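Numbering (UniProt numbering), first residue to last: 1 to 53. Just so you know, even glycine gets a beta-carbon here, dropped at the ideal spot from N, CA and C. Quantities reported herein were computed from a predicted structural model and do not represent experimental measurements.
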């Protein structure tokens with residue numbers, strides 16, 4: 001699998017830049033039930049502080 005630009009909302013979150021597949025950040029996002037780009041953007045707009053922790 002490769003990253004492509006721009007990622008679609010249904011893509012897995014690791015397709016975003018700076019997030020490696022099965023990397024530390026990817027695993028942490030999965031634990032928080034953030035699996036897609038849409039999940040990530042939704043949380044970013046609602047509670048960006050939670051993403052930072």
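By the 10 Å Cβ neighbour count, where 16 or more other Cβ atoms means buried, how is residue 25 classified, buried or exposed?
exposed
Using the DSSP secondary-structure output, state which residues sit across from residue 17 in a beta bridge.
None, per the DSSP bridge assignment.
With respect to the alpha helix (DSSP H) encompassing residue 42, which residues constitute its N-terminal and C-terminal limits?
Per DSSP, residue 42 belongs to the alpha helix (DSSP H) from 37-46.
Among residues of its own chain, excluding the 5 on either side of residue 15, which ones have a beta-carbon nearer than 6 Å to its beta-carbon?
Closer than 6 Å at the Cβ level, and outside the excluded window around residue 15, lie 3 and 7.
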